[in-house]
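Number of protein chains: 2
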Amino acid sequence: MQPSRFEFDAATALSRLADADASTGRSRFAGEILPGWDIGGNANGGYVLAVAARAMQETSGRRDPITVTAHYLAPTVAGPVDVSIEVVKAGKRLSTMTGSMVQQGREVLRVLASFGDLSAADDGPALHANGAPPDLPSFSACPARAALNGDVDVAIADRLELGLHPDDAGFQGGQKSDRGVMRGYFGFADGRPVDTLALLLAADAFPPAVFNLDVPRGWVPTIELTVQVRAVPAPGLLRCSFETRFVQGGYLDEEGELWDSTGRLVAQSRQLALLARA
Amino acid sequence: MQPSRFEFDAATALSRLADADASTGRSRFAGEILPGWDIGGNANGGYVLAVAARAMQETSGRRDPITVTAHYLAPTVAGPVDVSIEVVKAGKRLSTMTGSMVQQGREVLRVLASFGDLSAADDGPALHANGAPPDLPSFSACPARAALNGDVDVAIADRLELGLHPDDAGFQGGQKSDRGVMRGYFGFADGRPVDTLALLLAADAFPPAVFNLDVPRGWVPTIELTVQVRAVPAPGLLRCSFETRFVQGGYLDEEGELWDSTGRLVAQSRQLALLARA
C-alpha cells in the first residue's frame with residue numbers, strides 16, 4: 233500500500249496476508265479500525281464498509297465499486313480486523329466479490345459487491361436524469377455536524393467537512409423539521425479528494441434523516457446498506473440528500489443521492505435500519 | 233415441500249439434498265427453472281431470485297425475506313439448478329444468509345439476504361409515510377403486459393395478472409411516454425396469493441421502465457437487484473410503480489414501490505442494469 237498523508241487512507245490501510253487460503257481462492261487482509269471514526273465507540277458503518285471495499289479494490293486490480301451491499305452483523309469497534317475476499321466472478325466488465333470482516337473472532341460485516349471501471353464512462357453525457365442536486369446555501373452558511381449528540385461523542389464529525397442544510401440542522405438544538413430529510417455538503421477535513429471508495433463512507437456519514445421525525449431518538453442500527461456508484465466525483469465537496477420515507481413495523485429506510493461539484497449524480501444509496509426503541 | 237396447485241409454487245419447488253456439505257454448514261437444494269417464466273428463453277430475474285430465496289426460507293425456518301440483494305452473473309435458462317445456502321448469522325431477529333445458484337456447472341446468481349418475521353410487525357401503524365400507491369384506473373382499464381415484445385416471446389406474461397397504467401403501456405404499440413415510469417397491477421394468473429416471497433418476483437416482473445425513454449431498446453440485463461420487504465401483503469392485487477431516474481455511463485437504475493390492496497407499502501426495490509447497446 234502507498235503511504236498517504238490523508239487520514240482516510242490511513243484508516244482504511246490493509247496488509248495483504250500470504251495466500252493462506254489459496255485452496256479456497258480467498259484473499260486475506262489484516263486491517264485496523266481506527267478510533268476517531270466512531271459514534272459513541274461504534275465505528276461508523278460507512279467507514280467499516282470502506283475498509284472491506286478497499287480489500288475488494290485491491291483484489292480486483294484497483295477497480296471502482298459499482299454496486300455494493302453490506303449486511304451489518306454486529307457493532308465494530310476500534311481494533312484489528314481480518315477481511316477475507318472471495319472472487320465470485322472475474323468478468324471483463326465487472327468483478328463480483330463477497331467480503332467478510334471478522335473482529336475478535338466474530339463476523340461483523342458481510343458484503344456482496346461488483347466492481348468495474350467508471351473512468352471511461354465519465355465522458356459520456358447523461359441520457360436521462362430525473363433529479364437534481366439539493367439546493368444548498370453556501371458551505372459557510374451550513375451548520376457543521378455537531379461533535380456531540382446529546383451525551384454521545386460523534387468523533388467522526390472531526391474527520392469530515394459536513395455542512396448541514398440550515399433547515400435540516402435544527403434537530404441538533406432540539407428542533408426537528410418533521411420532514412425525514414437530511415441534506416448537506418460532504419468532504420474530508422484534511423482535504424483528501426473524494427474518490428469512489430469515499431462515496432461508500434459519504435453514503436452513511438450524515439446524521440440519520442429520521443432524527444428529523446417525531447419518533448424515539450437513539451442509535452439507528454443499519455441492517456443493510458446498498459450503494460450504487462454512478463460516476464467518478466469531480467474535485468470539490470459533494471452535495472448530498474438523504475430521506476427516510478417509510479417508518480413502519482420497526483424498520484425504516486433511508487435513501488441517498490450524492491452529487492459532485494459539477495452537478496453530476498455520483499451515487500445512489502438505500503439502507504434499511506431498525507427504529508430506535510423508545 | 234407441500235404440493236401446491238399454484239404455478240409459482242411448482243416453479244420454485246426444491247428438494248433438500250442430504251447434508252453433503254455438513255462440514256461447511258451449507259444447505260443444498262436441487263431445483264428446476266421451469267419454462268414459461270422467461271423472456272425470449274432467459275428466465276425472469278425476479279423468478280430466479282425467488283427460487284434462491286425459497287431455499288433461504290427453508291433454511292431459516294419459514295421466515296420472511298426482509299432485505300435481499302442479488303447479483304446476476306449469467307443468464308439462467310430452463311433446466312435443473314443447484315442452490316447452496318450458507319447461514320452467515322442465525323440471530324433472534326434476523327437470519328443472514330448467502331445463496332449461490334449454479335446451472336450447468338456455472339454460477340448464475342449470488343444472493344446476500346436477511347430474513348425475519350414480518351407478521352407481528354403488521355399490526356403496527358406506519359409512523360411515517362412519505363408516498364402513496366400509484367393512482368391506477370380499474371384493472372379492466374389497464375392493458376395487459378403484451379406476450380410479445382417485437383419478436384421476443386414474453387412467456388412470463390401468461391403466468392401473471394399484469395395490468396399496465398394506460399399512460400405507460402403505449403410503448404407496446406411504439407408510443408413511448410418519454411417518462412421513465414412503469415406502473416400497474418401485479419398478481420398471479422392462477423389466483424395464487426401474493427406472499428412475501430412473491431414480492432421478489434413482483435419487483436422484476438414489469439416491463440423495464442426504460443422502455444418508455446428514448447434510448448435504444450433491447451435486453452436490459454440486471455446487474456444487481458435489492459428488495460426490501462416492508463410488510464406482508466393483504467389479499468388482492470398489488471399496485472406497483474417503477475421509475476428509471478438516471479441513465480448515464482452505460483448504466484441505469486430502476487426503483488420500485490409495491491403497495492398492497494389496503495394501500496400499505498409492502499416492498500421497495502432498486503436495481504442497477506446495463507443499458508441496451510444500440
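Listed in order, the protein sequences are those of chains A and B. If you count the first sequence from 1, position 139 lands on 371 in the numbering used here, and the numbers rise without skipping. If you count the second sequence from 1, position 112 lands on 344 in the numbering used here, and the numbers rise without skipping. The C-beta atom is built at its ideal place from N, Cα and C for all residues, glycine as well. Just so you know, these numbers come straight off a predicted model, no measurement behind them.
Subject >> When B:F371, B:A389 and B:G406 are compared against G382 of chain B, the one with the closest alpha-carbon >> reply: To locate residue 382 of chain B, count along the second sequence from 1; it is residue 150. It is B:G406.
Subject >> Outcome for T454 of chain A when other beta-carbon atoms lying within 10 angstroms are tallied against a minimum of 16 >> reply: In the first sequence, counting from the first residue as 1, residue 454 of chain A sits at position 222. Buried, because 16 or more other Cβ atoms sit within 10 Å of the Cβ of T454 of chain A.
**OP:** Using a Cβ cut-off of 8 Å (strictly closer), state whether Y483 of chain A contacts chain B.
**Re:** Along the first sequence, one-based indexing puts residue 483 of chain A at 251. Yes, contact with chain B.
Subject >> Members of the region 440–471 of chain B that neighbour chain A once the beta carbon cut-off is set at 7 Å >> reply: L445, V447, I455, E456, T458, Q460, R462 and A463
Original post:
What is the C-beta distance between P465 of chain B and D436 of chain B, in whole angstroms, given that I count them as a contact (C-beta under 8 Å)?
Top reply: As a first step, residue 465 of chain B must be located in the second sequence, where it is residue number 233. As a first step, residue 436 of chain B must be located in the second sequence, where it is residue number 204. Their Cβ separation, rounded to whole angstroms, is 16 Å, which puts P465 of chain B and D436 of chain B out of contact at 8 Å.
Subject >> Per-residue contacts from N274 of chain A into chain B (C-beta, under 7 Å) >> reply: The sequence position of residue 274 of chain A within the first sequence is 42, counting from 1. Correct list: empty, because the minimum Cβ distance to chain B is about 17 Å.
Original post:
DSSP three-state call for F371 of chain A: helix, strand or coil?
Top reply: Working through the first sequence from its first residue, we reach residue 371 of chain A at position 139. Looking at F371 of chain A - three-state DSSP - the assignment turns out to be helix.
Original post:
Along the region 318–340 of chain A, what residues have a CB closer than 9 Å to any CB found in chain B?
Top reply: Cβ proximity to chain B below 9 Å picks out V320, K321, G323, R325, L326, T328, T330, S332 and E339 from the region 318–340 of chain A.
Original post:
Between S370 of chain A and chain B, is there a C-beta pair that is closer than 8 Å?
Top reply: Within the first sequence, numbered from 1, the residue matching residue 370 of chain A stands at position 138. With 8 Å as the cut-off, S370 of chain A does not count as an interface residue toward chain B.
Subject >> M329 of chain A versus L506 of chain A: straight-line alpha-carbon distance, rounded >> reply: Here residue 329 of chain A refers to the residue found at position 97 of the first sequence. Here residue 506 of chain A refers to the residue found at position 274 of the first sequence. One C-alpha to the other measures close to 27 Å.
**OP:** Just the C-alpha distance for G416 of chain B and L484 of chain A, rounded to the nearest angstrom, thanks.
**Re:** Start at 1 with the first residue of the second sequence, and residue 416 of chain B comes out as number 184. Start at 1 with the first residue of the first sequence, and residue 484 of chain A comes out as number 252. Spanning the two alpha carbons is a distance of roughly 25 Å.
Subject >> Nonlocal neighbours in the same chain, by C-beta distance under 6 Å from G488 of chain B, ignoring five residues either side >> reply: Position 256 of the second sequence, counted from the first residue, corresponds to residue 488 of chain B. The answer, listed in chain order, is A435, F474 and S501.
Subject >> Contact the region 284–294 of chain B vs the region 319–334 of chain B: 3+ CB pairs below 8 Å >> reply: yes
Subject >> Contact check, R411 of chain B vs L394 of chain B, beta carbons under 8 Å >> reply: Within the second sequence, numbered from 1, the residue matching residue 411 of chain B stands at position 179. Within the second sequence, numbered from 1, the residue matching residue 394 of chain B stands at position 162. No, the pair does not count as a contact, with Cβ atoms beyond the cut-off.
**OP:** Have a look at L469 of chain B and G419 of chain A and give me their C-alpha separation to the nearest angstrom.
**Re:** Taking the first residue of the second sequence as position 1, residue 469 of chain B is located at position 237. Taking the first residue of the first sequence as position 1, residue 419 of chain A is located at position 187. So the two alpha carbons sit approximately 45 Å from each other.
**OP:** In the DSSP assignment, find the unbroken beta strand (DSSP E) run with A345 of chain B in it and report its ends.
**Re:** As a first step, residue 345 of chain B is located in the second sequence; it is residue number 113 there, counting from the start. R338 to G348 is the extent of the beta strand (DSSP E) around A345 of chain B.
Original post:
When the cut-off is 8 Å and only beta carbons count, does F478 of chain A lie next to chain B?
Top reply: For the purposes of this step, residue 478 of chain A is taken as the residue at position 246 of the first sequence. Flagged as an interface residue toward chain B: F478 of chain A, by a C-beta distance shorter than 8 Å.
Original post:
Counting Cβ pairs closer than 8 Å, one from the region 260–269 of chain A and one from the region 308–317 of chain A, do we hit at least three?
Top reply: Under the Cβ criterion (8 Å, minimum of three pairs), the region 260–269 of chain A counts as touching the region 308–317 of chain A.
**OP:** Provide the residue(s) that pair with G263 of chain A in DSSP beta bridges, ordered along the chain.
**Re:** Counted from its first residue, the first sequence places residue 263 of chain A at position 31. Its beta-bridge partners are A:L246 and A:V313.
Original post:
Taking the alpha-carbon positions, what's the L396 of chain B to A441 of chain B distance?
Top reply: If you number the second sequence from 1, residue 396 of chain B lands on position 164. If you number the second sequence from 1, residue 441 of chain B lands on position 209. Across the structure, L396 of chain B and A441 of chain B are spaced so that their CA atoms are roughly 11 Å apart.
**OP:** Determine which residues share a DSSP beta bridge with P297 of chain A and list them.
**Re:** The residue you call residue 297 of chain A lines up with position 65 of the first sequence. DSSP, once it has assigned bridges, lists A:F347 as partnering P297 of chain A.
Subject >> Contiguous beta strand (DSSP E) assignments of at least 3 residues, all confined to the region 412–491 of chain B >> reply: Listed in chain order, the complete beta strand (DSSP E) runs (minimum 3 residues) inside the region 412–491 of chain B are 413–420, 454–461, 470–475, 478–480 and 483–491.
**OP:** Decide if L380 of chain B is buried, meaning its Cβ has at least 16 other Cβ atoms within 10 Å, or exposed.
**Re:** For the purposes of this step, residue 380 of chain B is identified with residue 148 of the second sequence, where counting begins at 1. L380 of chain B sits exposed, since fewer than 16 C-beta atoms from the chains shown fall within 10 Å of its C-beta.
Original post:
In chain A, which residues lie with their C-beta within 7 Å of the C-beta of S346 of chain B?
Top reply: Translated into positions along the second sequence, residue 346 of chain B becomes position 114. Result: H303, I455 and E456.
**OP:** Could you list which residues in chain B have their beta carbon closer than 8 Å to that of R260 of chain A, in chain order?
**Re:** Residue numbering aside, residue 260 of chain A sits at position 28 when the first sequence is read from its first letter. Neighbours of R260 of chain A in chain B, taken as residues whose beta carbon is under 8 Å from its own, are absent, since the nearest beta carbon is some 18 Å off.
**OP:** Work out the CA separation of F347 of chain B and G481 of chain A for me, nearest whole Å.
**Re:** The residue labelled residue 481 of chain A in the question sits at position 249 within the first sequence. The residue labelled residue 347 of chain B in the question sits at position 115 within the second sequence. Each residue's Cα considered, the two are about 14 Å apart.
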